[in-house]
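Step one of this worksheet: look at the structure below.
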Amino acid sequence: MNEQNQKEVGYETNPKEPLRTAAFAAAVSVPLTLALWQLFVAFGRANIFGFGGGPSVIPLIQQEVVDNYRWLSTEEFTDALAMGNALPGPIATKMAAYVGYKIAGFWGAGSALIGTVIPTAAAMLGLAGLYFKYKDAPQMVGAIKAVRPVVVVLLIQTVWEMGVKSFPIPLTWIIALVAMVALFQFKMHPIILIVASMLFGLFFLSK
Numbered sequence: 158m159n160e161q162n163q164k165e166v167g168y169e170t171n172p173k174e175p176l177r178t179a180a181f182a183a184a185v186s187v188p189l190t191l192a193l194w195q196l197f198v199a200f201g202r203a204n205i206f207g208f209g210g211g212p213s214v215i216p217l218i219q220q221e222v223v224d225n226y227r228w229l230s231t232e233e234f235t236d237a238l239a240m241g242n243a244l245p246g247p248i249a250t251k252m253a254a255y256v257g258y259k260i261a262g263f264w265g266a267g268s269a270l271i272g273t274v275i276p277t278a279a280a281m282l283g284l285a286g287l288y289f290k291y292k293d294a295p296q297m298v299g300a301i302k303a304v305r306p307v308v309v310v311l312l313i314q315t316v317w318e319m320g321v322k323s324f325p326i327p328l329t330w331i332i333a334l335v336a337m338v339a340l341f342q343f344k345m346h347p348i349i350l351i352v353a354s355m356l357f358g359l360f361f362l363s364k
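Note that the numbering used here has the sequence shown beginning at 158, numbered continuously upward.
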């Protein structure tokens, strides 16, 4: 990527400084137009195969963002996911906006959001009639039953990969235990837990 394109995606280069993040390295290695296309393809591909929506699409986004294109590290992805869950709206669009903006500014956010929405909307419109016509057919019911366990396995894989690096000190295990009790025993809203944990970390874990 030339200097002009580097500035277009929102980064300033300094040859005396090492590449500090995976996103920076990815952004400066390709032209802006290619970066926009990659963002569109990555989020389009992840969302088109995110059966069940919501949490089920997270492992696929992680596969694209962390493993395939290496735009974010696992830690960066976990932080972005936590921040996204603390805000209203679908998690897929929030992750698309965050990653797209980090890689290529507002153009990148737009490209990732288009990739998130348009392919799945087109597929839904194209398959809606077919699904409603055959949704009670044994073949369709069997296909849905078969894909659900795979989605669960993908979620377990994501939880495992994030969990390995999410408990660096004993106090983080205590935070997780308190959150689990508050969530399952007292039915506390997840947003309250996320905001409370962020405030706790701000005041007590920032040293």
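Beta carbons are placed, not taken as given, at the ideal position from N, Cα and C, and that holds for glycine.
Nearest to residue 307 by alpha-carbon distance, out of 216, 197, 193, 201, is 216.
For residue 264, the enclosing alpha helix (DSSP H) starts and ends at 248-291. Around the C-beta of residue 223, 16 or more other C-beta atoms lie within 10 Å, and the residue is accordingly described as buried. Look at the beta carbons and you see the stretch 193-208 not touching the stretch 281-288: under three pairs across the two are nearer than 8 Å. Residue 251 is classed as buried because its beta carbon has at least 16 other beta carbons within 10 Å across all chains shown.
With three or more CB-CB distances shorter than 8 Å, the stretch 328-336 counts as touching the stretch 352-362. Per DSSP, reduced to three states, the secondary structure at residue 345 is coil, with no helix or strand assignment.
Residue 226 counts as buried, since no fewer than 16 other beta carbons sit within 10 angstroms of its beta carbon.
Your pair residue 192 and residue 261 checks out as a contact, with CB atoms roughly 5 Å apart and the cut at 8 Å.
Cβ neighbours of residue 291 within its own chain (closer than 6 Å, five residues either side excluded): 297.
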